[in-house]
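Asker: Residue numbers (this note's numbering), protein chains in the order written: chain A, 39 to 152; chain B, 7 to 120. Think of the CB as a built atom: it goes at the ideal place given N, C-alpha and C, for glycine as much as any other residue. Since the structure is predicted, the reported quantities are computational estimates derived from the model, not experimental observations.
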Amino acid sequence: AQSVTQPDIHITVSEGASLELRCNYSYGATPYLFWYVQSPGQGLQLLLKYFSGDTLVQGIKGFEAEFKRSQSSFNLRKPSVHWSDAAEYFCAVGMSGGYQKVTFGTGTKLQVIP
Amino acid sequence: SAVISQKPSRDICQRGTSLTIQCQVDSQVTMMFWYRQQPGQSLTLIATANQGSEATYESGFVIDKFPISRPNLTFSTLTVSNMSPEDSSIYLCSVRLAGGYEQYFGPGTRLTVT
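1. Using a 10 Å radius around the Cβ and a threshold of 16 neighbouring Cβ atoms, would you call glycine 114(B) buried or exposed?
2. I'd like to know if the region 96-111 of chain A and the region 24-34 of chain B are in contact, where contact means that at least 3 CB-CB pairs between them fall below 8 Å.
3. DSSP three-state call for lysine 116(A): helix, strand or coil?
4. Looking at C-alpha atoms only, which residue of Ala124(A), Thr146(A), Asp92(A) and Thr141(A) is the closest neighbour of proline 152(A)?
5. Which residue comes first and which comes last in the beta strand (DSSP E) that contains valine 9(B)?
6. Cβ of valine 95(A) less than 8 Å from any chain B Cβ?
7. CA-CA distance, serine 110(A) and asparagine 62(A)?
8. Within 10 Å of its beta-carbon, does proline 91(B) have 16 or more other beta-carbons around it, so buried, or fewer, so exposed?
9. Does the distance from the CB of tyrosine 110(B) to the CB of leucine 84(A) come in under 8 Å?
10. State the DSSP-derived secondary structure class of glycine 100(A), mapped to helix, strand or coil.
11. Just the chain B side, please: which residues come within less than 8 Å of phenylalanine 128(A) by C-beta, in chain order?
12. Can you tell me the Cα-Cα spacing of isoleucine 49(A) and leucine 57(A), whole angstroms?
13. For glutamine 20(B), I'd like the list of residues in its chain whose CB is within less than 7 Å of its CB, leaving aside the five on either flank, ordered along the chain.
14. Out of Gly79(A), Gly66(A) and Val75(A), state which residue places its alpha-carbon closest to the alpha-carbon of leucine 117(B).
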């Protein structure tokens, strides 16, 4: 079965600083990978996804993520964080083919300080 | 993408009662899912709502406690039965579009059981 690890429970960055949120997965084949953002009191919004091809994927709101097979990682990055980026971020992995169940990580809560 | 609405957005219920949550999608979708997000936790898949047949439940979730209906390709309900305070969570509906792998989420229903 697949699994996802987000090692950072909580991260604080200054507005304008760069951001990297870590995600490691465990899955035997090539996974489908996702990053979602959840603002307080809201549902989850898809930031970006990786299925195949270029390992650097661009998403909405200026986010990008890089798939590194050798490290089983799919880290999320943003060059300059805005106060509105404060939210909880979830990495998720899906199985290729078949039922395609998606497993979510435990989330990283991002705080942005002025 | 898909626009997903859920009703109610929040509710406070007494122990021992039941609550039915509705999920409406603006387009026909092949797969609909119900998740639970307990306070400060990640998402846990409850079941996959299958159109015209019984839902497929994940380990630890049973039909008697979480009966699900899916009468057509745009609508589903989740009932939380005989509630206890441990059922206090956010319940999220999500969908996957035909030919896609990513899931889209509704805004969630915040349930508090007293």
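Answerer: By the coordinates alone:
1. Here the question's residue 114(B) lines up with position 108 in the second sequence. Result: buried.
2. They do not touch, by the three-pair rule.
3. Working through the first sequence from its first residue, we reach residue 116(A) at position 78. Strand, per DSSP.
4. Taking the first residue of the first sequence as 1, we reach residue 152(A) at position 114. Cα-wise, what sits closest to proline 152(A) is Ala124(A).
5. Against the second sequence, residue 9(B) aligns to sequence position 3. Segment: none, valine 9(B) is in no beta strand (DSSP E) and carries neither H nor E.
6. For the purposes of this step, residue 95(A) is identified with residue 57 of the first sequence, where counting begins at 1. No, valine 95(A) lies away from the interface with chain B (no Cβ there is under 8 Å from its Cβ).
7. Within the first sequence, the letter at position 72 stands for residue 110(A). Within the first sequence, the letter at position 24 stands for residue 62(A). Inter-residue distance for serine 110(A) and asparagine 62(A) is about 6 Å (C-alpha atoms, whole angstroms).
8. Here residue 91(B) refers to the residue found at position 85 when the second sequence is read from its first residue. Classification of proline 91(B): exposed, given that the 10 Å Cβ count is below 16.
9. On the second sequence, position 104 is the one that residue 110(B) refers to. On the first sequence, position 46 is the one that residue 84(A) refers to. Cβ distance < 8 Å, so tyrosine 110(B) and leucine 84(A) count as in contact.
10. If you number the first sequence from 1, residue 100(A) lands on position 62. The answer is helix: DSSP assigns glycine 100(A) an H, G or I state.
11. On the first sequence, position 90 is the one that residue 128(A) refers to. Result: Ser48 and Leu49.
12. The residue given as residue 49(A) occupies position 11 in the first sequence. The residue given as residue 57(A) occupies position 19 in the first sequence. Between isoleucine 49(A) and leucine 57(A), the C-alpha separation is close to 9 Å.
13. Taking the first residue of the second sequence as position 1, residue 20(B) is located at position 14. Once the five neighbours on either side are set aside, the close Cβ partners of glutamine 20(B) are Thr120.
14. One-based indexing of the second sequence puts residue 117(B) at position 111. Checked all of Gly79(A), Gly66(A) and Val75(A); the closest Cα to leucine 117(B) is Gly79(A).
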